[in-house]
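**Q** Got a structure here, written out as structure tokens. Questions coming.
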Amino acid sequence: MSASDESAIEGFMRFFEAESGISLSRNKQYLVAQRLESRLRATKKKNYADYLAWVQLAGNEPEKRLVVDLLTTNETSFFREVDHFKLMAKLAKEYRDAGKVLRIWSAACSSGEEPYSIAMVLDQYSGNNFWEIDASDLSESMLDIARQGLYPLRASDRVPQRYLKQYCLRGRGAYQDQFMIKESLRKRVYFCNRNLMSDVDCDKIYDAIFLRNVLIYFDANKKKRILQKVIERLAIGGRLIIGHAESVLGLIDGLEQVQPSVYIKAK
Ligand SMILES: C[S@@+](CC[C@H](N)C(=O)[O-])C[C@H]1O[C@@H](n2cnc3c(N)ncnc32)[C@H](O)[C@@H]1O
Numbered sequence: 057m058s059a060s061d062e063s064a065i066e067g068f069m070r071f072f073e074a075e076s077g078i079s080l081s082r083n084k085q086y087l088v089a090q091r092l093e094s095r096l097r098a099t100k101k102k103n104y105a106d107y108l109a110w111v112q113l114a115g116n117e118p119e120k121r122l123v124v125d126l127l128t129t130n131e132t133s134f135f136r137e138v139d140h141f142k143l144m145a146k147l148a149k150e151y152r153d154a155g156k157v158l159r160i161w162s163a164a165c166s167s168g169e170e171p172y173s174i175a176m177v178l179d180q181y182s183g184n185n186f187w188e189i190d191a192s193d194l195s196e197s198m199l200d201i202a203r204q205g206l207y208p209l210r211a212s213d214r215v216p217q218r219y220l221k222q223y224c225l226r227g228r229g230a231y232q233d234q235f236m237i238k239e240s241l242r243k244r245v246y247f248c249n250r251n252l253m254s255d256v257d258c259d260k261i262y263d264a265i266f267l268r269n270v271l272i273y274f275d276a277n278k279k280k281r282i283l284q285k286v287i288e289r290l291a292i293g294g295r296l297i298i299g300h301a302e303s304v305l306g307l308i309d310g311l312e313q314v315q316p317s318v319y320i321k322a323k
């Protein structure tokens, strides 16, 4: 990589950190270059420096969003970390029996597999309309996929058969390698763009917040900042659910661990 490309890639890393809060280490330079290469070609820019200068022009918001989308890691799947869905089934029954509405926030929902998995379980176990799911992400392109609810057929491997039957439609013809979440379930999940590094623009309080496999990308100070804001939106006694490979220990007070990767907000 030429010295000028290297310095442009560093410029992209700084831009990405300012937008998302995620700081990519220097050894990710090649990865960043690779992820942006298709845009360099599509926009016919001579090199990364030209592309960076163009991206940074005032008013070039759509391209700025594309760069953020390309640099985020969006890996997810249906029913990932299955214990959390057992907990959802238990809460759905508890809230149903108490006649209370169960409010869930999937706070880095990627392309929607996580909130749709939660929705299937809540619908199944609450047996009524007493539940709400808000799902958010920083990446607009992921949110587009999520709202559409159309996935490659191989992604259905982890969806239990009875849920596939009840909540999904198998594609036909041009869509034969895909499946779709039925509209009746899709319309129960509200998707919106929320940047975890900014103030959460809502005054809703949730009974459970999924913050899974996203803290891992932030340094300790940013993790603390994110956790503080997220916890403000959690009800006393509400659950915070993180990824199994993550930890919040030593980062924030007022949470009690109740099972691996699940915490309760204390009084
Ligand atoms: C690895 S995915 C996790 C998806 C899902 N929670 C799961 O566990 O399967 C991480 C997601 O975090 C999102 N993300 C990264 N930085 C973010 C930020 N500052 N605000 C909101 N979402 C962010 C990414 O766009 C990505 O979709």
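Per the working numbering, residue 57 is the first one in the sequence shown, and the count goes up by one each step.
Heads up, the beta-carbon is just placed ideally off N, CA and C, and yes, glycines get one too.
Nothing here was measured: the structure is a model prediction, and the numbers come from that model.
Using DSSP bridges, identify the partner residues of Ser162.
**A** Ser162 pairs with Ala191 and Phe266.
**Q** Cutting at 7 Å between CB atoms, please list the residues of its own chain near Gly293, excluding the five before and the five after it.
**A** Hits under 7 Å: Ile320 and Lys321.
**Q** Ends of the alpha helix (DSSP H) at Met144?
**A** Element bounds for Met144: Asp139 to Ala154.
**Q** Among Ser195, Glu188 and Glu137, which has the Cα closest to the Cα of Pro118?
**A** Residue Ser195 is the option with its Cα nearest to Pro118.
**Q** Which residues in the same chain have their Cβ closer than 8 Å to the Cβ of Ser173, if we skip the five residues on either side of it in sequence?
**A** Excluding residues within five positions, the ones whose Cβ falls inside 8 Å are Phe134, Phe135, Arg136, Phe141 and Val215.
**Q** Quick check: does the Cβ of Leu252 come within less than 7 Å of any heavy atom belonging to ligand 1?
**A** Correct: Leu252 has its Cβ closer than 7 Å to ligand 1.
**Q** Expressed to the nearest angstrom, what Euclidean distance is found between the alpha-carbon atoms of Leu87 and Met57?
**A** If I take the Cα positions, the gap works out to 12 Å.
**Q** In terms of DSSP beta bridges, what is Lys279 paired with?
**A** Answer is none; Lys279 lacks a bridge partner.
**Q** For the alpha helix (DSSP H) containing Ala230, name the first residue and the last one.
**A** No alpha helix (DSSP H) contains Ala230, which DSSP labels as neither H nor E.
**Q** Quick one: is Arg242 buried, meaning 16 or more other Cβ sit within 10 Å of its Cβ, or exposed?
**A** So Arg242 ends up on the buried side.
**Q** Could you tell me whether the segment 255-264 touches the segment 217-233, using the rule of 3 or more Cβ pairs below 8 Å?
**A** Output reads no: the segment 217-233 does not touch the segment 255-264.
**Q** Use the C-beta contact count for Arg250: other C-beta atoms within 10 angstroms, 16 or more gives buried, fewer gives exposed.
**A** Arg250 should be labelled buried.
**Q** Contact check, Tyr104 vs Leu96 under 8 Å by CB: the rounded distance?
**A** That belief holds up - the Cβ atoms of Tyr104 and Leu96 are roughly 7 Å apart, short of 8 Å.
**Q** Can you tell me the Cα-Cα spacing of Leu252 and Gly77, whole angstroms?
**A** Cα to Cα, the separation comes out at about 9 Å.
**Q** Is Ala291 helix, strand or coil by DSSP?
**A** The answer is strand: DSSP assigns Ala291 an E or B state.
**Q** Can the beta-carbon of Thr132 be found less than 8 Å from the beta-carbon of Ser162?
**A** No.
**Q** Could you pull the DSSP bridge partners for Phe235 from this structure?
**A** In the DSSP output, where bridge partners are listed per residue, Phe235 has Tyr207 and Arg226.
**Q** Helix, strand or coil, according to DSSP, for Phe247 in the structure here?
**A** In the structure shown, Phe247 sits in a strand (DSSP, three-state: E or B).
**Q** Less than 6 Å between C-beta atoms, sequence neighbours within five positions excluded: which residues of the same chain meet that for Met176?
**A** So the qualifying residues of the chain are Tyr219 and Tyr223.
**Q** Are the beta-carbon atoms of Gly183 and Arg152 separated by less than 8 Å?
**A** Cβ distance < 8 Å, so Gly183 and Arg152 count as in contact.
**Q** Taking 7 Å as the cut-off, is the beta-carbon of Asp193 closer than that to any non-hydrogen atom of ligand 1?
**A** Checking every heavy atom of ligand 1 against the Cβ of Asp193, one is found closer than 7 Å.
**Q** Take Lys156 and list the residues in its own chain whose beta-carbon comes closer than 8 Å to its own, dropping the five residues that flank it on each side.
**A** Result list for Lys156: Phe186, in chain order.
**Q** Over what stretch of residues does the beta strand (DSSP E) that includes Glu312 continue unbroken?
**A** Residues Leu311 to Gln315.
**Q** Closer than 7 Å: is that where the CB of Ser76 sits relative to any heavy atom of ligand 1?
**A** Yes, the Cβ of Ser76 comes within 7 Å of a heavy atom of ligand 1.
**Q** Does DSSP put Ile201 in a helix, in a strand, or in coil?
**A** Reduced to three states, the DSSP call for Ile201 is helix.
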